[in-house]
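Sequences listed follow chains A and B, in order. Under UniProt numbering, the residues of the first sequence are numbered 1 to 331, in order. Under UniProt numbering, the residues of the second sequence are numbered 1 to 378, in order. Even for Gly, the Cβ is constructed at its ideal location relative to N, Cα and C. The structure presented is a predicted model; accordingly, all values stated were derived computationally and were not measured.
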Amino acid sequence: MASTTPIDSPPAPPVARKRAGSSSGRVGDKVFLGLSRGSGILLLVIMASIAVFLTYRASLAISENDGNFFTTFDWNPAGDPPVFGIAVLLFGTVVSSIIAMAIAVPVAVGIALFISHYAPRKLAAPLAYVVDLLAAVPSIVYGIWGALVLVPYLEGLNLWLDQFFGWTYIFEKTEVGVARSLFTVGILLAIMILPIVTSVSREVFLQVPKMNEEAALALGATRWEVIRLSVLPFGRSGVISASMLGLGRALGETMAVATVLSPSFIISGHLLNPGGGTFAQNIAAKFDEANEFGRDALIASGLVLFVLTLLVNGAARMIIARRKEYSGANA
Amino acid sequence: MKLQRKNRLRATALGALAVSSALVLTACGSDDNSSGTTGGNGGKTNAASNIKCDDAKGQLPASGSSAQKNAMDLWAKNYMAGCSGVEINYKSSSSGEGIVAFNQGTVGFAGSDSALKPEEVADSKKICKGGQGINLPMVGGPIAIGYHLEGVDSLTLDAPTLAKIFDGKIKKWNDGAIAKLNTGAKLPDKPIQAFHRSEDSGTTQNLGKYLGATAPSDWKYEAEKKWPAPGGQAASGSSGVAAQVKQVDGSIGYFELSYAASQSISTVDINTGGAAPVKATSENASKAIAAAKIKGTGKDLALELDYTTKAEGAYPIVLVTYEVVCDKGNKPETLSTVKSFLNYTAGDEGQKLLTEAGYAPIPAEINAKVRETIASLS
C-alpha cells in the first residue's frame with residue numbers, strides 16, 4: 001500500500017544540459033540538490049521508523065502469544081492465555097486479492113485498449129472520465145454499496161455457480177448465509193482497482209510509438225494483429241506495474257472489506273461460504289475494543305501485511321526488469 | 001497532449017463533484033445512524049430539575065464500557081445543564097481500559113461490564129489510599145434476541161434451543177425443538193442464519209454467561225468477549241447485527257433492546273420455565289436483575305445475576321454495568337463531583353431516564369444500597 005511501483009517511463013527526450021557559468025545558477029543548484037536529497041532521506045527515515053515501530057510492538061505481542069503466530073486459526077489476544085495467529089488473515093487477503101486481479105486485469109486491459117485504439121474519439125473521452133470517476137469514490141461508499149446492493153444481488157449468482165460449478169469445489173456453497181463471502185469481497189475489490197489498472201494501462205498503450213503501429217499496418221496486419229504485435233509487447237511491463245499498483249490497493253483495502261465480509265477465523269476453500277478475514281479488515285474490526293496487548297497483536301498482523309506488500313512490489317520489479325528487453329520501453 | 005491535459009482537468013472536476021456529493025450522502029447516513037443508536041432521545045432534557053450539585057466543580061474524567069455509553073451521554077448532558085462549571089468527560093472505550101485508567105489514577109471513576117477481578121482490586125489499593133475499588137451497579141439492560149422470519153409474528157425459545165441455534169446444531173426453522181415451543185405457529189422450512197458480533201463485545205460475553213448458566217450441556221464455551229462458537233455469520237457492532245437481521249429473511253441475532261425498537265425488529269420471547277414466556281422489555285429486565293444476589297463484601301455491591309430465575313415476567317438475558325470508585329481515598333479534587341454525579345445517576349430521575357434509552361433501571365432494593373454507598377464515599 002505504502003510503497004508504489006514506478007511505471008516504466010517512455011524514452012526520455014534528450015535533456016539539454018547547459019552548464020551555465022554564472023554563480024547564481026550554482027547556488028540554485030546546491031539548494032535544489034539539498035532539498036531533493038533531504039526529501040529522499042526523509043522518505044527513508046519515515047519508512048525505517050514505521051518498520052521499527054511495527055517490529056517493536058509486534059515483538060511485544062508475539063513473545064506472549066500462546067498459540068503459533070503463523071498456524072493458529074484464532075484471534076483472541078484478550079484471552080487467558082492469549083492466542084492469535086495470522087493464517088486465516090493471510091489466506092483471506094491473498095485469495096480475495098487473487099480473485100480481484102483475475103477479474104479486474106483482463107477487464108481493465110480490455111477497457112484500456114478500447115479507449116486507446118478502438119473507441120471513436122467522442123466515446124473514448126467520456127469513457128475515460130467514467131473510469132477515473134470510479135477511483136474518486138471513497139472506499140466506505142464502495143463498502144456500503146457492496147453491503148446493500150452487491151450482496152443481495154450476488155445471491156442469485158452464487159446459487160447459479162453452486163448449481164453448475166459446484167463440482168469445482170471452490171464454487172460449492174456448503175453453508176447457508178448471505179453472500180458476505182471472500183468471493184464477493186474479491187468482486188468488490190476488482191471494481192475498486194479497475195480504475196487504477198485501466199488508467200495506467202491506457203497511458204502506456206497511448207505511448208506506443210506510432211511508427212511501430214504504422215509499420216505493422218504497412219505490413220498488412222489487421223487491427224488485432226497490430227495490437228498483438230506492437231501494442232501489447234510494448235505495454236506489457238506497464239500493465240504489470242499497473243496490476244501491481246492495483247494489487248497493492250486490494251491487499252490493503254480496509255473499510256470496504258470490513259463492511260461487506262462476515263468475518264470468522266476459518267479457512268475454507270469454498271469461496272462462496274461466508275467467513276474468512278483479511279489483515280486490514282481484522283485490524284479495523286478489532287482495534288476499537290482491543291486493549292494495549294491486543295493492539296500490539298494487531299500491529300504484528302500489520303507487520304505481516306507490510307512484508308507481504310514489500311514482497312509483491314519486489315516481485316513486480318523483478319518481472320519488469322526481466323521483461324524490459326522485450327518491451328518497447330528501451331527501444 | 002494538450003487535449004489530454006484538458007480532459008484530465010475535467011475529470012478531476014467531475015471527480016471532485018462525485019466526492020462532494022458522496023460526502024453529503026454519507027453525512028446524511030451517519031446522522032441517521034447516531035440518532036438510531038441513542039434511541040432518538042437526543043432532544044429530551046430535563047435540565048435544571050432536581051439535580052443536587054453540592055460543591056461539584058471542575059472536570060471529572062471517566063472512562064470505560066461502551067455498553068453504558070448512551071446512558072452516560074444522556075446523564076452527562078443533563079447533569080452539566082443543571083450544574084454549571086462542571087464537565088463530565090466519559091471516554092467510552094472498553095471496560096478493561098476503564099479499569100486500567102482507574103488503577104492508574106487518571107479518572108474519577110470507571111465504567112465496567114463486569115465486576116473487578118481480585119487482582120484488579122489489589123491494584124486499586126495503591127490508588128485508593130486506605131481503601132479499595134468497589135463496584136456500584138448503575139445501569140441494567142436487556143439483551144434482545146431479534147429475528148426476522150416472514151409469516152411468524154411471535155416466537156418463543158428457551159435457553160437450550162437458543163444455545164443450539166447459535167452453536168449451529170439447529171439448522172432449520174421448522175426443527176422439532178422450535179416447533180414444540182411454538183405450537184400453532186407456521187414455521188417455514190428455511191435455514192436459520194445466526195448472526196453474532198464480529199468484534200469483542202460485552203454483549204457477547206453476557207449472552208455467553210446466560211447460555212452457559214442456563215444450558216450448560218448445550219453451550220460449553222467460556223463466556224468471553226470474543227464470539228466463541230465456530231460457524232454462524234458476523235457483523236460489526238450491535239447496529240451491524242441489527243441491520244443484517246432486518247435485511248435477511250430467516251435470520252436471528254442479539255443486540256441491546258434499543259436497536260430492536262429503533263429498527264422495529266421482532267424479538268424472541270424467552271421461555272424460562274415460568275408460567276408464561278417473557279418478552280424483552282426494560283421492566284422485565286429489571287425484574288430479573290431484582291433476583292440477583294449481592295456477592296460483593298463490605299461496600300462492594302458486585303452482583304451475581306440469577307440467569308435461571310423463573311420469576312414471573314423476569315427476562316433473564318440481561319447485563320449489568322458498574323461504576324467503579326474507591327470506597328475510601330478517592331482523589332480529593334474530584335470526590336465531591338463524583339458523589340454529586342453518581343447521586344444523580346442513581347437517583348429517581350437518572351434511573352428513570354434509563355428506560356427511555358432502552359436500558360433497565362436497577363431494582364429499588366439494590367439501588368437503595370447503591371445510594372447509601374455513594375453517600376458514604378470518602
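- Counting C-beta pairs closer than 8 Å gives three or more between the stretch 138-156 of chain B and the stretch 307-326 of chain B, which meets the contact rule.
- Here the C-alpha atom of residue 165(A) lies approximately 19 Å from the C-alpha atom of residue 96(A).
- At least one beta carbon of chain B lies nearer than 8 Å to the beta carbon of residue 76(A).
- Contact of residue 120(B) with chain A is not assigned, every C-beta pair being separated by 8 Å or more.
- Per DSSP, the unbroken beta strand (DSSP E) holding residue 156(B) starts and ends at 156-158.
- At least one CB atom of chain A sits nearer than 8 Å to the CB of residue 248(B).
- Residues of the same chain with a CB within less than 7 Å of the CB of residue 74(A), apart from the 5 flanking positions on each side, are 67, 83, 84, 85 and 265 in chain order.
- Proximity of chain B to residue 253(A) at the Cβ level (cut-off 7 Å) is not reached, the minimal Cβ distance being about 16 Å.
- Measuring C-alpha to C-alpha distances from residue 92(B) to each of 86(B), 103(B), 73(B) and 77(B) identifies 73(B) as the nearest.
- Where residue 104(A) is concerned, the enclosing alpha helix (DSSP H) starts and stops at 87-113.
- Collapsing the DSSP output to three states places residue 269(B) in a strand.
- When C-beta atoms of the stretch 230-248 of chain B are compared with those of the stretch 106-113 of chain B, fewer than three pairs fall below 8 Å, so the two segments do not count as touching.
- A Cβ-Cβ distance of about 6 Å is found for the pair residue 56(B) and residue 336(B), placing them in contact under the 8 Å criterion.
- With respect to the 8 Å criterion, residue 218(A) and residue 225(A) are not classified as neighbours on the basis of their beta carbons.
- The distance from the Cβ of residue 238(B) to that of residue 256(B) is about 6 Å, consistent with a contact at the 8 Å cut-off.
- Counting only runs that start and end inside the stretch 158-226 of chain B, the alpha helix (DSSP H) elements of at least 4 residues fall at 159-166, 176-181 and 202-214.
- Distance between residue 256(A) and residue 329(B), taken at the CA atoms: about 49 Å.
- By the C-beta density criterion, residue 28(A) is exposed, having fewer than 16 other C-beta atoms within 10 angstroms.
- If you check the CB distance, residue 211(B) and residue 163(B) come in under 8 Å.
- Restricted to the stretch 285-364 of chain B, the beta strand (DSSP E) segments that are unbroken, complete and at least 3 residues in length are 318-326, listed in chain order.
- Residue 94(B) carries a coil assignment under DSSP once its states are collapsed to helix, strand and coil.
- Residue contact with chain B for residue 289(A): present (Cβ-Cβ distance below 8 Å to some residue of chain B).
- Residue-level contact by beta carbon fails for residue 92(A) and chain B, as no gap is shorter than 8 Å.
- Proximity of residue 96(B) to chain A, defined by a Cβ-Cβ separation below 8 Å, is satisfied.
- Residue 136(B) carries a strand assignment under DSSP once its states are collapsed to helix, strand and coil.
- Taking one beta carbon from each stretch, the stretch 177-190 of chain A and the stretch 87-102 of chain A have 3 or more pairs nearer than 8 Å; the two touch.
- In this model, residue 190(B) and residue 206(B) are separated by some 28 Å (Cα to Cα).
- For residue 372(B), the number of other beta carbons within 10 angstroms of its own is below 16, and it is reported as exposed.
- Going by C-alpha positions, residue 53(B) is about 39 Å away from residue 197(B).
- Residue 134(A) is a Cβ neighbour of residue 194(A), given a cutoff of 8 Å.
- Within chain B, the C-beta atoms nearer than 7 Å to that of residue 264(A) come from 234, in chain order.
- Rounded to whole angstroms, the separation of the alpha carbons of residue 173(A) and residue 243(A) is 30 Å.
- The continuous alpha helix (DSSP H) containing residue 279(A) extends over residues 279-287.
- The C-alpha of residue 49(A) is placed about 10 Å away from the C-alpha of residue 43(A).
- Looking at the DSSP output, residue 148(B) bridges to 251(B).
- Looking from the CA of residue 268(B), the closest CA among 154(B), 66(B), 61(B) and 129(B) belongs to 154(B).
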